[in-house]
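**Q**
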Amino acid sequence: MMIKTIIKSAHLHSKSRKKITGSSQKSKYKASMMAGCLSALVTQSAVAVCEISANDRYEFIQSISLNGSALSNGANIADGDLLELTPGYSGYAYRNDWHVWLDLNNDGDFADANELIFNTSSASNTLVSASINIPNNINANSTSMRVVFHADDINADSCGYDGYGDSKDITVNLGGGSTGGGSSDYELQQVPKGGSNEHISSVLINSDEYSSGNDNGYADFTAKQTFSISDGDNITLTPNSSWDGDWAVWIDSDNNGSFDSDEKIFSASGRRGRAVSGTVDLSQIDDGIARMRVAMNGDGEANATGFTWGEIEDYTAEVHSGGSTGGGNTGGGSSGGEDKLYGSHVQWLHDNVNVKIFKFEFTDVDLTWSDSRIKSEMNEIVTYFDEQSYGSFAVTYEIHEEVIQINSRKSDWDGTTSSQWRAYIEETLIDLGEKDYNDIDDNTIYLALAPEFNYWAEIEDGVYGWRPHGIKAGVNPGTIRVYDTGDVRSQAGGIAHEMGHAMGLHHAQGIDGQETIFGVGHYESERIQYGNPYDLMGNRAWEFGSLNLYYKNFFKTWNIKSYTPEVTQSGTYRIYALEQDALRSDRDIGLRLKSGNGDYTYWLEYRTGDGADLDGIQVNIEGYFPDEDDRSYYYGVSYLLDFTPYTFVDDLNDEHDDFDDFYDGALMMDKSYTDEWGRGFTIKTVNRGGTEGTTGAWIEVQVTMH
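Counting in this note's numbering, the sequence shown runs from 984 upward without gaps.
1) Taking the alpha carbon of residue 1588 as the point to measure from, which residue in 1545, 1649, 1299, 1555 has its own alpha carbon closest?
2) Please report the distance separating the alpha-carbon of residue 1370 from that of residue 1297.
3) Which residue or residues does DSSP assign as beta-bridge partners of residue 1042?
4) Drop a sphere of 10 angstroms on the beta-carbon of residue 1546, count the other beta-carbons inside from all chains shown, and report buried for 16 or more, exposed for fewer.
5) Output yes or no for whether 8 angstroms exceeds the beta carbon distance between residue 1543 and residue 1561.
6) Secondary structure at residue 1280, three-state DSSP: helix, strand or coil?
7) Please tell me whether, using a cut-off of 7 angstroms, the distance from the CB of residue 1170 to the nearest non-hydrogen atom of the ligand MG is below it.
8) On the criterion of 16 or more Cβ atoms from any shown chain inside 10 Å, does residue 1492 qualify as buried, or is it exposed?
9) Taking the alpha-carbon positions, what's the residue 1382 to residue 1354 distance?
10) When the distance is taken between beta carbons, is residue 1467 closer than 8 angstroms to residue 1350?
11) Among 1479, 1126, 1498, which one has its Cα closest to the Cα of residue 1521?
12) Identify every residue that forms a DSSP beta bridge with residue 1623.
13) Run the CB neighbour count on residue 1001, radius 10 Å, all protein chains shown included, and call it buried at 16 or more, exposed below.
14) Quick check: the stretch 1143-1150 against the stretch 1046-1058, are at least 3 beta-carbon pairs closer than 8 angstroms?
15) To test your reading of the DSSP string, which unbroken alpha helix (DSSP H) runs of 4 or more residues are found completely within the stretch 1385-1467?
16) Is it buried or exposed for residue 1692, if we count other Cβ within 10 angstroms and need 16 for buried?
17) Would you report the Cα separation of residue 1100 and residue 1115, rounded to the nearest angstrom?
18) Using CA coordinates, which residue listed in 1481, 1429, 1535, 1454 is at the minimum distance from residue 1460?
19) Tell me the DSSP bridge mates of residue 1173?
20) If you draw a straight line from the alpha carbon of residue 1692 to that of residue 1194, how long is it in whole angstroms?
21) From what residue to what residue does the alpha helix (DSSP H) around residue 1366 run?
22) What residue from 1389, 1431, 1458, 1293 has the CA that sits closest to residue 1421's CA?
23) Could you give the DSSP three-state label for residue 1511: helix, strand or coil?
24) Let me confirm a value: residue 1225 is counted as buried when at least 16 other C-beta atoms fall within 10 Å, else exposed. Which label applies?
25) Is the number of C-beta pairs between the stretch 1498-1506 and the stretch 1549-1558 that are closer than 8 angstroms three or more?
26) The alpha helix (DSSP H) spanning residue 1480 covers which residue range?
27) Hey, is the stretch 1222-1242 in contact with the stretch 1285-1301, meaning 3+ C-beta pairs nearer than 8 angstroms?
28) Name the two residues that bound the continuous alpha helix (DSSP H) containing residue 1534.
29) Return helix, strand or coil for residue 1185, following the three-state DSSP convention.
30) Just to confirm before moving on: does the CB-CB distance between residue 1645 and residue 1623 stay below 8 angstroms?
31) Below 8 angstroms between beta carbons: does that hold for residue 1241 and residue 1268?
32) Check the DSSP bridge columns for residue 1378 and list the partner residues they point to.
33) Along the chain, where does the beta strand (DSSP E) that runs through residue 1557 open and close?
34) Mind checking who residue 1341 pairs with in its DSSP beta bridge?
35) Around the C-beta of residue 1392, are 16 or more other C-beta atoms found within 10 angstroms, so that it is buried, or is it exposed?
36) Decide yes or no for the touch test of the stretch 1588-1600 against the stretch 1661-1671: beta carbon pairs closer than 8 angstroms, at least 3 of them.
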């Protein structure tokens, strides 16, 4: 085991900057990065305004929205309209300034009085909002608006700018009222009868959550909440209701003021007030900023124009196309499904992972974790992955010596989102010299440890309060966020679980078909998020449950398929215990079987630990719900099967009991299962032997190919 210490200054650099002056330009060094630009705008100059030639190699204008919808040529702009300006970056997110001009008298320049309608008072690298101020007597058709995002000095009329940044010229009409997607275009035909006992409690997309209360049937949050959203992102909608509910979500992709049938991105039905979850389908949605509508109908189908009972909420959505084009640290292929950056072909290519650990403190709350505790917990994780990989994978870690001072009180961060915390971590670590923070190809993941802080959410029906942020991680970039709760018990299992996420593993899930094994194939109601009760990535994180064989296969250097052969002929096959000290060429630790239609792979394993039944095998299926989550660099999801379904009937009032049914879900001795797709095979457990509790324990499976 290698333990390192990084010694660096925790002082963060800042850039001096000026406002509008002459045409002098500051020099600025930026590391060489891949240039790229994703812009939702197609714009042109209205009249012959002066030209500028900003260098958008490193920073650019990601999007411009008017009243929550993408701003485009021909838009009508009125006094008081809301402009939202979003920056984009090819790499590091530099803080820059914004300036907006309107050619009020349509004379082809921005040199007249009051034509600079907005400028930022301080530099920013996040979304900036501005209320437009236009004199009452101004009316102009097909005049010019210029938006400049700039790092260097700029002239008062914008002319001649050639520094870093970006600019957009848009043709607009002044004084005619907004048609760019304002709320008047989205009026409901019927406002639902919501109330304290039937309303939308929260909307969660990935880790960005917005909680609301009783809005009496409708609320417009377009100016308050913008969700960044990509195809396949996770969505969870939580009601405050004791009734069944039908849900739907739309994005007005063409910004025509209505929600068309092909603009529906998600729908689901919830039972008796339970949250619904799934993934969004943006295959028909264009990139850019648009209005998003969330509807919950408690007495029928949710539609975008209104209904009798329930609630409707509107938000702003910033739509991004799905992922980058690089292979990433998880590899990939060039044919079939392997051109995707997610799925079963995506693997961790390194024989190790290095965890860089950074400690944060507020001015009024110190971190209680000592370096000795961090080392103790990480050493548990080192041992765990060594055992899981049968000695073929190393975890190393580095602890940044100095505690990073956030220079804010804890209360200043209470109420912020996890997205804001992630952005702060990224900016801080890059400023500290972690220039490869966003490198998806390397073997490094990051761990940020900070005192616990809170966000405002519904605690129980109709009751709101502070809820602490919980331990979280994501793969791109691979960063774990751990919070110091004051609990002295080991958090190592939870950290190991989040390390799995940071490298590219989803939760180990289960299929709950109610009275059958597979049910009807309904994703929202039949997949159980933590359904595997034995797995580190399922419901056994804190006890260091063993990874299932399919998830072990995520690590390419573990060479799991060599010890888990694919069966193509009838016969009786012996499987040795999953828990081995080392892999042996004369011992298979699992089997793989293809479904009759060729779409899915069954992974058979024999667990002798984690509380599993010694008289049966566990079976996970690969490829089921294959596009349930297409976020880049994630491996495909494992789904544990329950061969004795519905022995534990779901308590609809207990959202945490869903995995109970899997404890007795093994395919037990002398029980059989026949593939449901084309009757490809039948499997039956027929015998077991070896010494219980040792690596020599085994079970035999009879396979009959059809």
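All C-beta atoms in this analysis are idealised placements derived from N, C-alpha and C, irrespective of residue type, glycine included. None of these values were measured; they are calculated from a predicted model.
**A** In short, the structure shows the following:
1) As a first step, residue 1588 must be located in the sequence shown, where it is residue number 605. It is 1649.
2) As a first step, residue 1370 must be located in the sequence shown, where it is residue number 387. As a first step, residue 1297 must be located in the sequence shown, where it is residue number 314. Each residue's CA atom was taken as its position, placing residue 1370 and residue 1297 some 49 angstroms apart.
3) Numbered from its first residue, the sequence shown carries residue 1042 at position 59. Partner(s): 1072.
4) Stepping through the sequence shown from its first residue, residue 1546 is reached at position 563. Buried, because 16 or more other Cβ atoms sit within 10 Å of the Cβ of residue 1546.
5) Indexing the sequence shown from 1 puts residue 1543 at position 560. Indexing the sequence shown from 1 puts residue 1561 at position 578. Note that the C-beta distance between residue 1543 and residue 1561 is not below 8 angstroms.
6) Position 297 of the sequence shown holds residue 1280. In the displayed model, residue 1280 falls within a strand according to three-state DSSP.
7) Summarising the ligand content, the structure contains no ligands, and the ligand MG is consequently not present.
8) Translated into the one-based positions of the sequence shown, residue 1492 becomes position 509. Here residue 1492 is buried, its C-beta having at least 16 other C-beta atoms within 10 Å.
9) Position 399 of the sequence shown, counted from the start, is the residue given in the question as residue 1382. Position 371 of the sequence shown, counted from the start, is the residue given in the question as residue 1354. C-alpha separation (whole angstroms): 8 angstroms.
10) In the sequence shown, the residue the question calls residue 1350 occupies position 367. In the sequence shown, the residue the question calls residue 1467 occupies position 484. Taking a C-beta distance under 8 angstroms as the contact criterion, residue 1350 and residue 1467 qualify as a contact pair.
11) Translated into positions along the sequence shown, residue 1521 becomes position 538. Nearest C-alpha to residue 1521: 1479.
12) Mapped onto the sequence shown, residue 1623 falls at position 640. DSSP output for residue 1623 lists 1493, 1603 as bridge partner(s).
13) As a position in the sequence shown, residue 1001 is number 18, starting the count at 1. Because residue 1001 carries a pLDDT of 29, less than 50, the predicted location of this residue cannot be relied on, and the following value inherits that uncertainty. Under this definition residue 1001 is an exposed residue.
14) The way I'd put it, the stretch 1046-1058 doesn't touch the stretch 1143-1150; fewer than three beta-carbon pairs between them come closer than 8 angstroms.
15) Inside the stretch 1385-1467, DSSP marks whole alpha helix (DSSP H) runs of 4 or more residues at positions 1393-1396, 1401-1414, from first to last along the chain.
16) Because the chain in this structure spans residues 984 to 1689, residue 1692 falls outside the shown range and cannot be described.
17) Locating residue 1100 in the sequence shown gives position 117, where the first residue counts as 1. Locating residue 1115 in the sequence shown gives position 132, where the first residue counts as 1. Distance between the alpha carbons of residue 1100 and residue 1115 is about 7 angstroms.
18) As a first step, residue 1460 is located in the sequence shown; it is residue number 477 there, counting from the start. Comparing Cα-Cα distances from residue 1460 to each of 1481, 1429, 1535, 1454, the minimum goes to 1429.
19) Counting from 1 along the sequence shown, the entry for residue 1173 is found at position 190. In DSSP, residue 1173 forms a bridge with 1289.
20) Because the chain here runs from 984 to 1689, residue 1692 falls outside it and cannot be looked at.
21) The residue labelled residue 1366 in the question sits at position 383 within the sequence shown. DSSP places residue 1366 inside the alpha helix (DSSP H), whose first and last residues are 1354-1371.
22) The residue given as residue 1421 occupies position 438 in the sequence shown. Taking residue 1421 as reference, the option from 1389, 1431, 1458, 1293 with the minimal CA-CA separation is 1458.
23) Residue numbering aside, residue 1511 sits at position 528 when the sequence shown is read from its first letter. The answer is strand: DSSP assigns residue 1511 an E or B state.
24) Within the sequence shown, numbered from 1, the residue matching residue 1225 stands at position 242. Burial is judged here by how many other beta carbons sit within 10 angstroms of a residue's own beta carbon; residue 1225 has fewer than 16 and is exposed.
25) Contact fails between the stretch 1498-1506 and the stretch 1549-1558, because fewer than three Cβ pairs, one in each stretch, are under 8 angstroms apart.
26) Along the sequence shown, read from residue 1 onward, the residue named residue 1480 stands at position 497. Going by DSSP, residue 1480 is part of the alpha helix (DSSP H) stretching over 1475-1486.
27) Judged by Cβ distances under 8 angstroms, the stretch 1222-1242 makes contact with the stretch 1285-1301, as three or more pairs qualify.
28) As a first step, residue 1534 is located in the sequence shown; it is residue number 551 there, counting from the start. According to the DSSP assignment, residue 1534 belongs to the alpha helix (DSSP H) that extends over 1532-1535.
29) Residue numbering aside, residue 1185 sits at position 202 when the sequence shown is read from its first letter. Judged by DSSP in its simplified three-state form, residue 1185 adopts strand.
30) In the sequence shown, counting from the first residue as 1, residue 1645 sits at position 662. In the sequence shown, counting from the first residue as 1, residue 1623 sits at position 640. Yes, Cβ-Cβ distance for residue 1645 and residue 1623 is below 8 angstroms.
31) Residue 1241 sits at position 258 when you count from the first residue of the sequence shown. Residue 1268 sits at position 285 when you count from the first residue of the sequence shown. Their beta carbons are not under 8 angstroms apart, which means residue 1241 does not touch residue 1268 by this criterion.
32) To locate residue 1378, count along the sequence shown from 1; it is residue 395. Beta-bridge partners of residue 1378 (DSSP): 1336.
33) Here residue 1557 refers to the residue found at position 574 when the sequence shown is read from its first residue. Unbroken beta strand (DSSP E) run through residue 1557: 1554-1559.
34) Position 358 of the sequence shown, counted from the start, is the residue given in the question as residue 1341. The partner list for residue 1341 (beta bridge, DSSP) reads 1431.
35) As a working note, residue 1392 is residue 409 in the sequence shown. Here residue 1392 is exposed, its C-beta having fewer than 16 other C-beta atoms within 10 Å.
36) Touching, per the Cβ criterion.
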